[in-house]
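Engineer: My structure is below; once you've seen it, I'll send some questions.
Number of protein chains: 2
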Amino acid sequence: MTQRTRTLGAVLYPQFELLDLYGPLEMFGCLGEALRIVTIADQAGPVRSTPGPSTHAEFSYADAPACDLLLVPGGIGTFPQLKNTALLDFLRTRAPQCEVAMSVCSGSALYAAAGLLDGKSATTNKQFFSAIAAAGPKTNWVKEARWVEDGAYVTSSGVSAGTDMSLAVIARLWGRAAAEQIAAITEYEWQTDAARDPFARYLDQAKIAPELLGA
Amino acid sequence: MTQRTRTLGAVLYPQFELLDLYGPLEMFGCLGEALRIVTIADQAGPVRSTPGPSTHAEFSYADAPACDLLLVPGGIGTFPQLKNTALLDFLRTRAPQCEVAMSVCSGSALYAAAGLLDGKSATTNKQFFSAIAAAGPKTNWVKEARWVEDGAYVTSSGVSAGTDMSLAVIARLWGRAAAEQIAAITEYEWQTDAARDPFARYLDQAKIAPELLGA
């Protein structure tokens, strides 16, 4: 089977949440030559996650290649980025050109702040739901969903939900068999039901000590 | 509650598997000030994963700080590392000093090659089981286990299994409540039973096209 190689652009910023980024990149990374993954940030160079480890951004917004897919992770670092006009301008320009524009956890607040989720359905982290949803007053925020697909925009609930969402996007673009094969390779029990959300019961209950979140 | 800050050393090498590293680091990263995470490799600098994204190694083996925990990911890059005497010497020196020495997927082959799993029980990736187990002829390789704890050595099955293992290690060192709270924060459905292994049925069935593994 010959297919064109798509490009996935992963957007990094300081204090991104590790699994928001790497759950999806693990699954997409198993596509091999069918997908090129590139990392993009304010500027090329190391970008520090909340607990410390840094990922190398290969491109700045200015020189990032054309992307077929976008992935925006969340994390405690999302909130200061809501005022980063360079990042919001990048999303506003690039997301409408994508087949699929994804976010994990609070990452959907960045699409919302860019106006891209106006009139659309989306979801986000459950424990911090309302604080994140405030970024998109014209968005239909779904309180119970592992992930939500509204056309090209696919937004997941908190952290681990991004992995389930990614396999659904792989199934959409490369076929269900590819997604199932990747789940088996990675010994991952894929939760295939976007509507099943065992964490909705924690809505707005963010009682976690701030230090547990690395804040 | 005041606790000493422990240090977790994550060992990187070219073509490590992303989720092997970052599933665990997500969970451990939620411990906040209770744990410092450091990244260690042959030399400090960016280390490329199989699908492309690079993680910055902060330390070389020579200057790595004392570690209370070690984490060795697997990946297609494990196999050439079996001959990396600098890495094996590092593990041979450091692992016996740790409270817990962990591996994910084929990472256990590196402990085995260093002689650290002689006479111990361990597990690894199921689809590539025998190829990996060959690195430790004196190890009791467990064919059906999500992870195996043998004293200080805690080895997990493939890729995603490392996340379940990490929560078990968090429960061991910081208490069950901490592990459950972290699973809830990260919207992760923790599989708490080390003996439950739905992927054991794929034992040595690695029929995946090499390009899907990024080889």
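Line by line, the protein sequences give chains A and B. Numbered according to numbering that gives the first Met the number 0, the first sequence spans residues 0 to 214. Numbered according to numbering that gives the first Met the number 0, the second sequence spans residues 0 to 214. Even glycine gets a Cβ: it sits at the ideal position worked out from N, Cα and C. Just so you know, these numbers come straight off a predicted model, no measurement behind them.
Which value, in whole angstroms, describes the spacing of the CA atoms of B/PRO45 and A/HIS55?
Structural biologist: Indexing the second sequence from 1 puts residue 45 of chain B at position 46. Indexing the first sequence from 1 puts residue 55 of chain A at position 56. Each residue's Cα considered, the two are about 7 Å apart.
Engineer: State yes or no: is the beta carbon of A/CYS66 nearer than 9 Å to at least one beta carbon in chain B?
Structural biologist: Translated into positions along the first sequence, residue 66 of chain A becomes position 67. It does not: the Cβ of A/CYS66 has no partner Cβ on chain B nearer than 9 Å.
Engineer: Short of 8 Å Cβ to Cβ, which residues in the segment 117-146 of chain A face chain B?
Structural biologist: Taking 8 Å as the Cβ-Cβ cut-off against chain B, the residues of the segment 117-146 of chain A that qualify are ASN124, LYS125 and GLN126.
Engineer: Distance cutoff 9 Å, beta carbons only. Does B/TYR152 sit that close to anything in chain A?
Structural biologist: As a position in the second sequence, residue 152 of chain B is number 153, starting the count at 1. No - not a single Cβ of chain A is within 9 Å of the one on B/TYR152.
Engineer: Give me the Cα-Cα distance between B/ARG93 and B/THR84, rounded to the nearest whole angstrom.
Structural biologist: Within the second sequence, numbered from 1, the residue matching residue 93 of chain B stands at position 94. Within the second sequence, numbered from 1, the residue matching residue 84 of chain B stands at position 85. Going by the C-alpha atoms only, they are around 14 Å apart.
Engineer: Give, in chain order, every unbroken run of the beta strand (DSSP E) that is at least 3 residues long and sits entirely within the segment 8-71 of chain A.
Structural biologist: Counting whole runs of 3 or more residues, the segment 8-71 of chain A contains the beta strand (DSSP E) stretches 34-40, 44-47, 53-56 and 68-71.
Engineer: So with CB distances below 7 Å, who are the chain B contacts of A/ILE36?
Structural biologist: By 1-based counting over the first sequence, the position of residue 36 of chain A is 37. Ordered by position in chain B, the residues that pass the 7 Å Cβ test against A/ILE36 are PRO50, GLY51 and PRO52.
Engineer: Taking 9 Å as the CB-CB cut-off, is A/LEU172 touching chain B?
Structural biologist: Taking the first residue of the first sequence as position 1, residue 172 of chain A is located at position 173. No, A/LEU172 does not count as interfacial toward chain B.
Engineer: Between B/MET26, B/PRO13 and B/LEU11, which lies nearest to B/ALA167 when the distance is taken from Cα to Cα?
Structural biologist: Position 168 of the second sequence, counted from the start, is the residue given in the question as residue 167 of chain B. With distances taken between Cα atoms, B/ALA167 lies closest to B/MET26.
Engineer: Report the residue from B/THR162, B/GLU32 and B/SER48 whose alpha carbon sits nearest the alpha carbon of A/PRO50.
Structural biologist: In the first sequence, counting from the first residue as 1, residue 50 of chain A sits at position 51. Per the Cα distances, B/GLU32.
Engineer: Hey, is A/PRO72's beta-carbon within less than 9 Å of any beta-carbon in chain B?
Structural biologist: Taking the first sequence and counting its residues from 1, one reaches residue 72 of chain A at position 73. Closer than 9 Å: no.
Engineer: Can you tell me whether B/SER159 is helix, strand or coil according to DSSP?
Structural biologist: For the purposes of this step, residue 159 of chain B is taken as the residue at position 160 of the second sequence. Of the three classes helix, strand and coil, the one that applies to B/SER159 here is coil, per DSSP.
Engineer: Only counting the same chain, and skipping five residues up and downstream in sequence, which positions put a Cβ closer than 6 Å to that of A/PHE15?
Structural biologist: As a position in the first sequence, residue 15 of chain A is number 16, starting the count at 1. Within the same chain, A/PHE15 has close Cβ partners SER48, PRO72, GLY74 and GLY76.
Engineer: Measure the alpha-carbon distance for A/PHE198 versus A/SER156 and round it to whole angstroms.
Structural biologist: Within the first sequence, residue 198 of chain A is the residue found at index 199, counting from 1. Within the first sequence, residue 156 of chain A is the residue found at index 157, counting from 1. For A/PHE198 and A/SER156, the distance between alpha carbons rounds to 9 Å.
Engineer: Out of A/SER159, A/GLY114 and A/ALA182, which one is the CA nearest neighbour of A/LEU17?
Structural biologist: By 1-based counting over the first sequence, the position of residue 17 of chain A is 18. Answer by Cα proximity: A/SER159.
Engineer: Using alpha carbons as the reference points, say which of A/TYR12, A/PRO23 and A/GLY8 lies closest to A/ILE181.
Structural biologist: Stepping through the first sequence from its first residue, residue 181 of chain A is reached at position 182. Answer by Cα proximity: A/PRO23.
Engineer: Given a cut-off of 9 Å on the beta-carbon distance, is the pair B/ALA121 and B/THR154 in contact?
Structural biologist: Numbered from its first residue, the second sequence carries residue 121 of chain B at position 122. Numbered from its first residue, the second sequence carries residue 154 of chain B at position 155. Taking 9 Å as the Cβ cut-off, B/ALA121 and B/THR154 qualify as a contacting pair.
Engineer: Using beta carbons (cut-off 9 Å, strictly below), is B/GLU188 in contact with chain A?
Structural biologist: Within the second sequence, numbered from 1, the residue matching residue 188 of chain B stands at position 189. Closer than 9 Å to some Cβ of chain A, the Cβ of B/GLU188 qualifies, so yes.
Engineer: How would you write the range of the beta strand (DSSP E) that B/GLU148 sits in, first residue to last?
Structural biologist: By one-based count along the second sequence, residue 148 of chain B stands at place 149. First-last of the beta strand (DSSP E) with B/GLU148: 146-149.
Engineer: Which one of B/GLY114, B/LEU34 and B/ALA43 has the shortest CA to CA distance from B/ASP62?
Structural biologist: Walking along the second sequence from the start, residue 62 of chain B turns up at place 63. The shortest C-alpha separation from B/ASP62 is found at B/ALA43.
Engineer: How big is the Cα-Cα spacing for B/ARG171 and B/LEU20?
Structural biologist: Mapped onto the second sequence, residue 171 of chain B falls at position 172. Mapped onto the second sequence, residue 20 of chain B falls at position 21. Using only the alpha carbons, I get a separation of about 20 Å.
Engineer: Under a CB-based cut-off of 9 Å, is B/GLU16 close to chain A?
Structural biologist: Within the second sequence, residue 16 of chain B is the residue found at index 17, counting from 1. Yes, B/GLU16 counts as interfacial toward chain A.
Engineer: Report the start-end ranges of each beta strand (DSSP E) in the segment 112-200 of chain A that is 3 residues or longer and not cut off at the edges.
Structural biologist: Listed in chain order, they are 146-149 and 152-155.
Engineer: CA-CA distance, B/ALA208 and A/CYS29?
Structural biologist: Within the second sequence, residue 208 of chain B is the residue found at index 209, counting from 1. Within the first sequence, residue 29 of chain A is the residue found at index 30, counting from 1. Only weak support exists for where B/ALA208 lies, its pLDDT of 46 falling under 50; the value from the coordinates is given anyway. In a straight line, the C-alpha of B/ALA208 is about 10 Å away from that of A/CYS29.
Engineer: Excluding the 5 residues flanking A/ALA113 on each side, which residues of the same chain have their C-beta closer than 6 Å to its C-beta?
Structural biologist: Position 114 of the first sequence, counting from 1, holds the residue named residue 113 of chain A. If we look at A/ALA113 and ignore the five residues flanking it on each side, its Cβ neighbours are LEU87, LEU90 and ARG91.
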